[in-house]
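Engineer:
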Amino acid sequence: MIPAENIRDWRNRPVVDPDGSKIGTLDAVYVDTLGDEPVFATVKISSLFGGTRLAFAPLKGAVVTPDHVKIAFGRELVREAPSIDTDGELRAEDEPGVFGHYGLEYRTGSLGERRLARR
Numbered sequence: 001m002i003p004a005e006n007i008r009d010w011r012n013r014p015v016v017d018p019d020g021s022k023i024g025t026l027d028a029v030y031v032d033t034l035g036d037e038p039v040f041a042t043v044k045i046s047s048l049f050g051g052t053r054l055a056f057a058p059l060k061g062a063v064v065t066p067d068h069v070k071i072a073f074g075r076e077l078v079r080e081a082p083s084i085d086t087d088g089e090l091r092a093e094d095e096p097g098v099f100g101h102y103g104l105e106y107r108t109g110s111l112g113e114r115r116l117a118r119r
C-alpha cells in the first residue's frame, strides 16, 4: 500500500484505470480510521455538461508511477461510484454504499465510529 503521506503528494495528478484510461484527477485521500491506512481517494471527474464531482475510488492495489496514479478498478466502475460535490462531505450514512459499490466489506470499530476520514 502507498503510505498516506506519499499519496497526498499526488493531488491534482491524473488517475488512470488498469488499461491506462484516464478517469480524472486525484483530489483527496481518505484513510481507514481503524488503522490510519489510505483506503479511498476522491477522483475529480468532469461531466460533458461542465459539472464536476468527486467520485470515490479504492486505493487497494494502486500503483504510483512518474506520470499518474493507476488504480485497480475500471474507469466506468469509478465513474458510476458514489460521489460528493466538490465542496461536499461524505456523510456517515453514505460510507457503507462507497464500500458496497466495489464489493468491499464495511465494518465500524467497536464503538460504531466512522470508518473514513479525509486527510
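Each step along the sequence shown adds one to the number in the UniProt record's numbering, with nothing skipped, and position 93 is 93.
Yeah, the Cβ is synthetic: ideal placement off N, Cα and C, and Gly gets one too.
So, at 8 angstroms on beta carbons, what are the nonlocal neighbours of A57 in its own chain, with the 5 sequence-adjacent residues on each side left out?
Structural biologist: Here residue 57 corresponds to residue number 57 of the sequence shown, with the count starting at 1. Taken in chain order, the residues that qualify are V15, I23, F40, A41, T42, V43, I71, F73, V78 and A81.
Engineer: If I follow the unbroken alpha helix (DSSP H) through P66, where does it start and stop?
Structural biologist: Here residue 66 refers to the residue found at position 66 when the sequence shown is read from its first residue. It is not in any alpha helix (DSSP H) - P66 carries neither H nor E in the DSSP assignment.
Engineer: Between A117 and the rest of its own chain, which residues show a CB-CB distance below 7 angstroms, the 5 nearest in sequence each way excluded?
Structural biologist: Against the sequence shown, residue 117 aligns to sequence position 117. If we look at A117 and ignore the five residues flanking it on each side, its Cβ neighbours are Y30, V31 and T33.
Engineer: Looking at the structure shown, is A72 part of a helix, part of a strand, or coil, going by DSSP?
Structural biologist: The residue you call residue 72 lines up with position 72 of the sequence shown. Residue state, collapsed to three classes: coil.
Engineer: Identify the continuous beta strand (DSSP E) that holds E37 and give its terminal residues.
Structural biologist: The residue given as residue 37 occupies position 37 in the sequence shown. From DSSP, the beta strand (DSSP E) with E37 extends over E37 to S46.
Engineer: Short of 8 angstroms in beta carbon distance, which residues of its chain neighbour P96, apart from the five on each side in sequence? Order them along the chain.
Structural biologist: Taking the sequence shown and counting its residues from 1, one reaches residue 96 at position 96. Cβ within range, chain order: Y106.
Engineer: Could you say which of P18, T86 and G61 lies nearest to G50 if we only look at CA atoms?
Structural biologist: Position 50 of the sequence shown holds residue 50. If we check each option's Cα against that of G50, T86 comes out closest.
Engineer: When the Cα atoms are used, what is the spatial distance from L90 to T108?
Structural biologist: The residue you call residue 90 lines up with position 90 of the sequence shown. The residue you call residue 108 lines up with position 108 of the sequence shown. Their Cα atoms are separated by approximately 15 angstroms.
Engineer: Kindly indicate which residue of S21, P18 and L59 has the alpha-carbon position closest to the one of E37.
Structural biologist: Within the sequence shown, the letter at position 37 stands for residue 37. Selected option, being the one with the closest Cα: L59.
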